[in-house]
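Residue numbers (the working numbering): 15 to 566. Just so you know, even glycine gets a beta-carbon here, dropped at the ideal spot from N, CA and C. Here the structure is a predicted model, which means the values were calculated and not measured.
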RNA sequence: CUGCCCGUAGCUCAAUCGGAUAGAGCACCAGCCUUCUAAGCUGGGGGUUAUAGGUUCGAUUCCUAUCGGGCAGGCCA
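Here's what the structure looks like:
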């Protein structure tokens, strides 16, 4: 529809401007229905080059507009906006389109089947997932769903930092617990993990339990002298715990990558050699440095420490080189903003390797901190102190759908306050239920009608002319744009906002109009409209990974 | 001190590429169930978009400065 109107405007513009090739016709959805169904600011854009009053230009444009059946009325308003009012029959087309496209409505083929990887969560295997990981999980999963809806071939990936100093720390903590040390014991590891789950791991280790995660299975030796065994068991144990967390959150990954594998395969060493050969490194103070200042960093960064180990960003560079070699020309990393300093380093490393990776690759979506409130007080999230709200606790208290919605419905780059009491106490006022309720209401009406939904697409829709119906149809027609924009902006929250609006229009319609009326043609047209709305709500809820219940 | 993110109604948050009278929910006030699910709807009050400048037909949006909050600036991740 946008294309049709743009085309009309372009033809009109040709009568005023000799060269229309540089002209971009921008059509927007006015916020207010008084301003029509589409509005165009072309006259204002042309005001300067033509040195004329925008309203005068608008009048000339409108006069030159070729006649079209799809448009009922064109008006000039405000500073020079050209407002288009669609004919009723044009508005009604969307209902048919939705019913015919079904679950594919709103999807497009922008990605052309190309590979894209979304890496998200990527928590260290040093504890259960907490709310911050939950935000990453909700946002990352929605991004993946959005990209898939835009025609991309999506791979969801989780990267485990299972090789660094934090893992040594974990191993020491488990050992200390297994030896019966309390966390406040002077000989407990200084930066050890204090959470009770460490004691659980120690107990399981001593009991020689077996745990499995992804493709590995580890049985504890129970031998306290064998730190390698403690380490492997602890990591596997926590990976298993995280798997359970993710399952409770209904999130699935296609690939789990391990930092340790990059070391054992020699890939890290290869990267370091390649970087040395690139001439972008130097030795100083017994350490090896990368000249990241050549790539917009404030200072150079250490690659190899005095003790000989590599700093965390070195395997990160290796990992991303692997991603590139695996054919992902588009990669999106969803992570907490507290790790934003790695972006410059990873990109610097990749550029220094000079293997043809574009400068801005990979893409990052950073989410800000989540503050958890309980009983009017902030719950501090400290893994080492061990007092924090786990994702699984949250899901149990608030529910999976509500938790996902809360965490994905806000812009990633603003801080989020998650009030547990509020989320739990106001379960019924939760926006996710508002949306799902709209869906359930439609299901209920359709089932009471009892007719054949599949036949609705071919029904005569001319009875749909009331304002509440026009509003709803207009909203439905926006869905494909929302899917496209949200993917372009990597902003899943736009889907959540849209769904709230769509549900609101449905609820208004529901209260304002009786659907199951005696007049057959009117009834069928209304069945078609609410059935189309049901489909859009379902498709939208699906993008957020939420259920679309038929009964509530 | 330096870099990044944020600052919108009492609270939690929106606002598409710079567009028209800045919108929802919660809370507050007044209405709507004999009628398809009241987990709903309708109406009302509530704002100098942190502050001061700048860019232009037009700024919540872009630029500069200031204030406030968060994060980072470890040879931790």
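Asked	Found
Limits of the alpha helix (DSSP H) - the one that residue 58 falls within	56-64
8 Å contact criterion, which residue 408 and residue 148 should meet: CB distance rounded	7 Å
Coil, strand or helix - residue 524 by DSSP	helix
As assigned by DSSP and simplified to three states, the class of residue 564	coil
Cβ neighbour criterion (16 or more within 10 Å) applied to residue 369	exposed
The alpha helix (DSSP H) enclosing residue 347, as first and last residue numbers	That residue, residue 347, is in no alpha helix (DSSP H); its beta strand (DSSP E) goes 344-350.
According to DSSP, residues forming a beta bridge with residue 15	DSSP, once it has assigned bridges, lists no residue as partnering residue 15.
Paired residues, beta bridge with residue 272 - DSSP	174
Where residue 89 falls: helix, strand or coil (DSSP)	strand
Buried/exposed call for residue 296, threshold 16 Cβ in 10 Å	exposed
Residue 412 (DSSP reduced to helix, strand or coil)	helix
Whole-angstrom C-beta distance between residue 314 and residue 303, which should lie under 8 Å	5 Å
Outcome for residue 212 when other beta-carbon atoms lying within 10 angstroms are tallied against a minimum of 16	buried
Endpoints, the alpha helix (DSSP H) within which residue 492 is located	481-502
Straight-line Cα distance separating residue 544 from residue 456	6 Å
Straight-line Cα distance separating residue 535 from residue 472	12 Å
Other residues of its chain near residue 514: CB distance less than 8 Å, five sequence neighbours each side excluded	445, 448, 449
CA-to-CA distance, residue 518 to residue 251, given in whole angstroms	45 Å
Distance between beta carbons of residue 382 and residue 428, contact taken as under 8 Å	6 Å
Cα-Cα separation, residue 499 to residue 43	13 Å
Where residue 119 falls, given that 16 or more other Cβ within 10 Å makes a residue buried	buried
Candidates 111, 38, 220, 347, of which the one nearest residue 193 by Cα	220
Which of helix, strand or coil DSSP assigns to residue 266	coil
DSSP three-state assignment for residue 399, whether helix, strand or coil	For residue 399, the pLDDT reaches just 49, beneath the cut-off of 50, and the residue's location in the model is therefore unreliable, although a value from the coordinates is still provided. Reduced to three states, the DSSP call for residue 399 is coil.
Counterpart residues of residue 126 in DSSP-defined beta bridges	Residue 126 pairs with nothing; no bridge assigned.
Inter-residue spacing [alpha-carbon to alpha-carbon] between residue 166 and residue 130	6 Å
Helix, strand or coil at residue 393 [DSSP, three-state]	strand
N-terminal and C-terminal residue of the alpha helix (DSSP H) that residue 327 is part of	327-339
Residue range of the unbroken alpha helix (DSSP H) whose run includes residue 553	534-557
Test item: CB-CB of residue 258 and residue 406 under 9 Å	yes
CB contact flag (residue 76, residue 26, <9 Å)	yes
Residue 411 and residue 452 closer than 9 Å at C-beta	no
Cβ neighbours of residue 68 in the same chain (closer than 7 Å, five flanking residues each side left out)	57, 58, 61, 93, 94
Beta-carbon contacts of residue 338 that lie in its chain and below 6 Å, excluding the five residues immediately before and after	371
Residue 84, DSSP secondary structure in three states	coil
Residue span of the beta strand (DSSP E) that contains residue 315, given as start and end	315-318
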